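Residue numbers (the working numbering): 921 to 1576.
So this is what it looks like as structure tokens:
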């Protein structure tokens, strides 16, 4: 439960060993290779060049091809049972088998070729559909569409607005010449489609006569034969297209049997990308190469055993203090604290010279979450969901940590729910009332007496002053949480020799404790010590007039800051009460219609309440950690340790 110590690694090796050494380092997974940090304009380094990026380009192209092919396959043949699918386990040799990789790339290329063909068929079908729409208005005419006139007779296709009166248009044409005939082919909501047959000498005059009615010529070029004949030809082609598209889809679907191979190859390509990216950070000559990076101290012996098989020279050294901002951070935690890396990473990793926050987060996060949720039924759902998710899905990394944290918070939720008697709110008592019985899941656990105050357990949040008691408890827990954070900050300041800051941070808690002692024991000694410590350290930290203004600022910020922080913990009571009230409301609503209405209302209501409160409790618990707790001590800004390693999405790798 700490930040793993790192060492700076520098290595010179033979270029002939470069590929094999990088593969071994990737398998080892404990070396982060960073930029060499050399000034290549220096004459001594001028002859050195970085490796070309052709290998990286090829690996990225292959990865893109495989990923895109899988997306196409997912569209036409969606995988089934993915939610509970466990990742297959492959040996290293199987993952990097060149023949399988070539077969996977070939399958991906064929899938993409089929997809391109299908896209072309879709495009052609769209054009044919547009042609059918263009031919439809002229289907009633038994006139070849290519017929435009022979110098004596003119044939004109045109349109009129739907509101135009065709008889009036015919009359206008008749006044121009009796050597013209106007025929209505069809009409729709917007247009009327007309055919004008006239002597060539009067074509323009007839068109001019129809123009006031909104006449415009229609373009029907590129067709041979009547509209009906062309429509039948287009429909035949569309039928052929449908068959081709179906065959192409079936060809793509047939590749579903190779989905696992494609996934395996995508993972292989991803490992190649990682290795090629690391290669671009090396400095090469024709015969040798150099790199520098970071290595966790616990992996030093293992690295030595690996490098013993290569002709290379290497050294390690502890980072200098000025290098701390560049040193990567790796956290080492046990099964209880590791899940809270999710919370830490959402905020920021600790600085290399800071402290691992996970052990400090774990007890308070689980406790606060349990207080806010406080229901045995919801707690059981969280425990079962977290454990079953880990068992059935066998997830890795962040998802595994998230499920483990849900299970831990579920235990806390169940235990606090037991103390408040909540099981899906007051579902047990409401269900008993439906049958005319008095049911209770949790028996009387006893009483807590504080002076004249008697608190009965389980604590029913909907009765009497019980919400007030929870509010007071929330404030006390908040003060403990804050004081714990201040103590950690004091430790860090003392460790780094910042005694003034350490005493100043602690002085306010001495003042608060002294005030309590003065009220209870009528002794001002502790209070005087706290005030003196605060005043002295404020003067030591300031200069000149800043000492006076710093004192007033310290008093104002100390009083308002700590009181505001402690009041922030009232959200523990607020969310506990809100969840309990909403659950009770749904239970009461369901009971109005008897058992048959109770069941659906219970299921729907509690699913909503569970989902909303799960998110709300998680967010508010994180807020207490990030703003109140971390603000007292946490040194953030760490850079995550990113070694060259196997990082797969679809398969797990086992040792050969």
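Here a beta-carbon is modelled for each residue, glycine too, at the ideal position from N, C-alpha and C. Keep in mind it's a predicted model, so treat the numbers as computed, not measured.
Comparing C-alpha distances from residue 1377 to each of 1349, 1345, 1339, 1358 shows the shortest one belongs to 1339. In the displayed model, residue 1272 falls within coil according to three-state DSSP, outside both helix and strand. Residue 1565 carries a coil assignment under DSSP once its states are collapsed to helix, strand and coil. Within the DSSP bridge table, the entry for residue 1346 names 1343 as partners.
The three-state secondary structure of residue 1489, taken from DSSP, is coil. Here residue 1281 is buried. Its C-beta has 16 or more other C-beta atoms within 10 Å. Leaving aside the five residues that flank residue 1525 on each side, the residues in its chain whose CB is nearer than 6 Å to its CB run, in chain order, 1506. Pairwise C-beta distances place the region 1527-1541 out of contact with the region 1231-1243, as fewer than three of them are shorter than 8 Å.
DSSP places residue 1556 in the uninterrupted beta strand (DSSP E) bounded by 1556-1560. Exclusion of the five residues before and after residue 1302 leaves 1326, 1327, 1329, 1330, 1333 as the residues of its chain whose Cβ lies within less than 7 Å of its Cβ. Going by beta carbons, residue 1489 and residue 1395 fall inside the 8 Å limit. Annotation for residue 1367: no alpha helix (DSSP H) segment contains it, though the beta strand (DSSP E) segment containing it runs 1366-1370.
In this model, residue 1199 and residue 990 are separated by some 28 Å (Cα to Cα). Close CB contacts of residue 1044 within its chain, under the 7 Å cut and outside five residues either way in sequence, are with 1161 (chain order). Close CB contacts of residue 1213 within its chain, under the 7 Å cut and outside five residues either way in sequence, are with 929, 951, 952, 953, 954 (chain order). Each of 1276, 1375, 1294 was checked against the Cα of residue 1253, and the nearest Cα belongs to 1276.
About 18 Å separates the beta carbons of residue 923 and residue 1414, which is beyond the 8 Å limit, so they are not a contact pair. Distance from residue 1102 to residue 1096 at the Cβ level is roughly 11 Å; contact not present, criterion being Cβ atoms closer than 8 Å.
Residues of the same chain with a CB within less than 6 Å of the CB of residue 1148, apart from the 5 flanking positions on each side, are 1059 in chain order.
Using a Cβ distance threshold of 8 Å, residue 1055 and residue 1151 count as a contacting pair. Bridge partners of residue 952 according to DSSP: 1214.
With a cutoff of 8 Å on beta-carbon distance, residue 1181 and residue 1027 are scored as near each other. Per the Cβ contact rule, the region 1397-1409 is in contact with the region 1548-1557 (3 or more Cβ pairs under 8 Å). In the three-state DSSP reduction, residue 1235 falls in the strand class (E or B).
Within the region 1496-1567, complete beta strand (DSSP E) segments of at least 3 residues are found at 1556-1560, given in chain order. For residue 1225, the number of other beta carbons within 10 angstroms of its own is below 16, and it is reported as exposed.
For the pair residue 1133 and residue 1123, the Cα-to-Cα distance works out to about 16 Å.
When the beta-carbon positions are compared, residue 1184 and residue 1566 stay at least 8 Å from each other.
Restricting attention to beta strand (DSSP E) runs no shorter than 3 residues, the region 1064-1107 encloses them at 1073-1081, 1100-1107, ordered along the chain.
Of all C-beta pairs linking the region 1335-1350 to the region 1506-1522, three or more are shorter than 8 Å, placing the two stretches in contact. In the three-state DSSP reduction, residue 1006 falls in the coil class, being neither helix nor strand. Using a 10 angstroms sphere on the CB of residue 1295, the tally of other CB atoms reaches 16 or more, which defines it as buried.
In this structure, residue 1146 places its C-beta atom within 8 Å of the C-beta atom of residue 1063. For residue 931, the secondary structure class from DSSP, reduced to helix, strand or coil, is strand. Per DSSP, the continuous alpha helix (DSSP H) segment holding residue 977 begins and ends at 974-996. Excluding the 5 residues flanking it on each side, residue 1195 has same chain C-beta neighbours closer than 6 Å at 942, 946, in chain order.
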